[in-house]
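In what follows, a single structure is set out as structure tokens and then discussed.
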Amino acid sequence: MWINRSLNGFVNFSQNNFFPAFFNCFIKCHRKYTLYIVSRNLSNSTNSKDISHMLQRYALLDQECKELISTLDQVNPRDIFVNNEVKLGKIQVYGFDYDYTLAHYTSELDKFIFNESRNWLVEQMKYPEEILNYEYTEFAKRGLHFDVKRGLLMKVDAFHHIQLDTVYRGFTLLSLDEILKVYRGSHLANDILKQKFTPNDTVMLQLMDFFQLPEINLLCSIIAFFDRRGIDYKPFYVYQDVSTAVARVHKSGLLGQTVMSNPEKYIAKDPQLRTFLHRLVENDKKLFVISNSSAAYIDKGLKFLVGNYWQELFDVIISRANKPTFFKSPMGQFRRTDVSGTFKHWEAVQTFKRGHIYEGGCLEQMIKLTGWCSASILYFGDHVYADLADVASTYGWMTGAVIPELETELIASSDHDFKINLRRLRMLEKLIQENQHVCTLEAKLLLEKWFDERNALRRSSKFVFDPHFGSIFRSFHNPSYFSQRLGQYATLYTSRVTNLLRFTLDHTFFPKRTALPHESY
1 MWINRSLNGF
11 VNFSQNNFFP
21 AFFNCFIKCH
31 RKYTLYIVSR
41 NLSNSTNSKD
51 ISHMLQRYAL
61 LDQECKELIS
71 TLDQVNPRDI
81 FVNNEVKLGK
91 IQVYGFDYDY
101 TLAHYTSELD
111 KFIFNESRNW
121 LVEQMKYPEE
131 ILNYEYTEFA
141 KRGLHFDVKR
151 GLLMKVDAFH
161 HIQLDTVYRG
171 FTLLSLDEIL
181 KVYRGSHLAN
191 DILKQKFTPN
201 DTVMLQLMDF
211 FQLPEINLLC
221 SIIAFFDRRG
231 IDYKPFYVYQ
241 DVSTAVARVH
251 KSGLLGQTVM
261 SNPEKYIAKD
271 PQLRTFLHRL
281 VENDKKLFVI
291 SNSSAAYIDK
301 GLKFLVGNYW
311 QELFDVIISR
321 ANKPTFFKSP
331 MGQFRRTDVS
341 GTFKHWEAVQ
351 TFKRGHIYEG
361 GCLEQMIKLT
371 GWCSASILYF
381 GDHVYADLAD
391 VASTYGWMTG
401 AVIPELETEL
411 IASSDHDFKI
421 NLRRLRMLEK
431 LIQENQHVCT
441 LEAKLLLEKW
451 FDERNALRRS
461 SKFVFDPHFG
471 SIFRSFHNPS
481 YFSQRLGQYA
491 TLYTSRVTNL
501 LRFTLDHTFF
511 PKRTALPHES
521 Y
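full-length UniProt numbering applies: residue 1 is where the sequence shown begins, and numbers increase by one.
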């Protein structure tokens with residue numbers, strides 16, 4: 001039987017209040033039995049769950065929640081987190097990407113890329129001059145997906161479902177009806193999400209590279225302007241134009257020249273980097289760097305970060321590696337070059353010499369020349385696909401993902417109120433699951449209040465990290481797509497490589513044992 005009363009008393013449906021709107025639709029259309037169908041097959045034990053029992057359970061779990069909070073450990077934002085067991089004592093070779101791994105950059109670099117690309121679009125591509133009024137904002141985050149055919153930015157979870165309160169056209173949040181009209185549901189097929197490295201073939205571009213953030217923020221700015229002015233446009237064309245403009249900043253050498261001319265402005269100096277690298281060398285560890293950047297660019301940056309004799313720390317230095325092709329193709333050949341990258345030696349590279357800089361090549365040849373054992377290598381990079389995926393899945397290297405966002409996320413999640421809200425959210429979901437088939441009207445109304453409280457807690461947990469997209473690691477209770485890929489290809493992850501200084505070089509990291517859904521411990 002149905003309870004004949006308006007849902008408006010339960011949920012205020014408006015386009016400005018997404019989650020109540022979503023929950024209203026959820027109640028009406030998706031699982032109607034949750035609150036409004038009284039089953040004829042309810043068990044006697046279910047019928048006995050009256051309002052008094054529900055309130056007692058609520059009070060009991062609420063007290064347990066408060067007591068548990070005081071026992072939770074604080075997480076160090078500079079810690080190392082592992083997906084699989086890592087024995088540092090077995091690691092003899094440490095490898096690094098350069099950009100956003102050894103060298104981190106200030107927000108000034110993002111602003112520079114944004115401004116140069118924006119100006120070029122106006123000057124060369126004849127985009128409206130009003131676009132010059134847009135400045136760089138930290139709107140887009142790593143791990144998000146951009147639908148290049150529709151011009152939509154969103155977060156996707158590990159199960160390929162769109163987080164429905166994170167879909168933006170420009171800077172405007174789409175309503176549930178608009179999302180369902182576009183995608184006919186929330187699930188995205190694997191072929192759509194599969195990453196392609198040729199822009200013309202891309203359907204969903206995942207933001208895994210820090211250098212993509214100015215590009216996507218510029219895209220959102222232009223789309224917002226076109227929509228506000230009522231200008232007709234094809235999103236894919238705008239995507240191509242912006243990609244061309246951003247690529248020009250990189251390929252023309254403008255970015256490199258700008259950073260090298262003022263490293264103090266654009267490079268964020270880690271005072272522990274020199275100590276970290278020296279400790280590895282002093283303990284007879286082999287070091288290498290593989291970067292897509294030029295020799296001159298790497299040289300200028302590491303002289304600023306480490307010192308003039310940085311080359312003596314590395315057994316192998318590879319510039320212009322052209323990753324991820326470097327890891328996939330067996331055809332690349334190494335050439336020795338000077339620090340400027342202008343003079344290249346003519347003779348074939350038969351062996352690597354400490355402190356020398358090489359260009360090009362491929363991983364297969366590098367392994368042959370060094371003779372290093374895959375099981376003894378730990379390689380760090382910031383890009384889960386371009387840096388880590390191939391060496392982890394094909395060659396069996398230990399891999400370390402550098403996630404600078406981790407520090408701010410851990411600080412946010414260590415907040416006392418956030419911890420309480422998260423525990424209350426779990427408590428409410430347990431209570432709702434236990435009591436979802438109650439029969440009395442009074443009990444149903446209480447259940448509705450619990451749903452409202454749950455939705456409010458879900459919203460607040462998202463806003464702690466970012467008001468638009470929440471945590472890069474989670475989509476509410478599910479891992480995000482970014483987090484799932486991180487778990488697949490990264491043996492460990494941390495905010496910066498120098499966090500390893502907190503541990504001895506024979507330390508063993510153990511992963512947390514997390515209960516599977518069918519396990520009770």
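A virtual CB, placed ideally from N, CA and C, is assigned to each residue, including glycine.
Strand pairing of K286, partner residues [DSSP]: According to DSSP, K286 shares a beta bridge with V93.
Host beta strand (DSSP E) of S460 (start-end): Looking at the DSSP string, S460 is not in any beta strand (DSSP E); the run it does join, the alpha helix (DSSP H), is 441 to 463.
Residue from Q63, M125, I267 with nearest C-alpha to Y98: A check of alpha carbon separations from Y98 across Q63, M125, I267 identifies I267 as the nearest.
I432 (DSSP reduced to helix, strand or coil): I432: helix per DSSP, three-state reduction.
I298 versus D387: straight-line alpha-carbon distance, rounded: 17 angstroms
Rounded distance between the beta-carbons of G400 and L492, thought under 8 angstroms: 5 angstroms
Nearest neighbour of F476, chosen from F482, R458, L205 [CA to CA]: R458
Residue span of the alpha helix (DSSP H) that contains D147, given as start and end: Unbroken run through D147 is the beta strand (DSSP E), 145 to 147; no alpha helix (DSSP H).
Reduced DSSP secondary structure (H/G/I, E/B, other) of Q206: strand
F469 and K155 closer than 8 angstroms at C-beta: yes
T337 burial status per 10 Å Cβ neighbour count (16 or more: buried): buried
Alpha carbon of G89 to alpha carbon of V281, nearest angstrom: 15 angstroms
V497 - containing alpha helix (DSSP H), residue span: No alpha helix (DSSP H) contains V497, which DSSP labels as neither H nor E.
CB contact flag (L254, E116, <8 angstroms): yes
Coil, strand or helix - Y134 by DSSP: coil
Buried/exposed call for P324, threshold 16 Cβ in 10 Å: buried
Within the stretch 230 to 300, ranges of the beta strand (DSSP E) (whole runs, at least 3 residues): 286 to 290
Extent of the continuous alpha helix (DSSP H) run through Y183: First-last of the alpha helix (DSSP H) with Y183: 176 to 183.
Cβ-Cβ separation, R118 to L132 (assumed contact under 8 angstroms), whole Å: 7 angstroms
Extent of the continuous alpha helix (DSSP H) to which G487 belongs: Element bounds for G487: 481 to 489.
Close-in-space but distant-in-sequence residues of the same chain around L164 (CB under 7 angstroms, 5 per side omitted): F22, L176, I179, S186
Coarse secondary structure for S413, derived from DSSP in three states: helix
For F326, the first and last residue of its enclosing alpha helix (DSSP H): 325 to 328
Uninterrupted alpha helix (DSSP H) stretches inside the stretch 48 to 131 (no shorter than 4 residues): 51 to 69, 107 to 124
R279 CB to nearest heavy atom of the ligand ZN below 7 angstroms: The ligand ZN is absent from the structure shown, which contains no ligands of any kind.
Member of P330, F276, V167, T258 whose CA lies at the smallest distance from the CA of K300: T258
For A348, the nearest candidate out of V339, R354, Y358 (CA to CA): Y358
Where the beta strand (DSSP E) containing T166 begins and where it ends: It is not in any beta strand (DSSP E) - T166 carries neither H nor E in the DSSP assignment.
Proximity below 8 angstroms, CB of N421 to CB of S471: It is not a contact, given that the beta carbons lie outside the stated cut-off.
Supposed contact pair V384 and L500 - C-beta distance, whole angstroms, cut 8 angstroms: About 19 angstroms separates the two Cβ atoms, so there is no contact after all.
The stretch 59 to 78 / the stretch 439 to 452 touching (three or more Cβ pairs under 8 angstroms): No: fewer than three Cβ pairs fall under 8 angstroms.
CB-CB length for Y379 against G95, believed under 8 angstroms: 4 angstroms
Per DSSP, the bridge partner or partners of V316: Beta-bridge annotation (DSSP): V316 is paired with F288.
DSSP three-state assignment for T337, whether helix, strand or coil: strand
Nearest-angstrom Cα separation, counted from E519 out to P404: 33 angstroms
R426, DSSP secondary structure in three states: Of the three classes helix, strand and coil, the one that applies to R426 here is helix, per DSSP.
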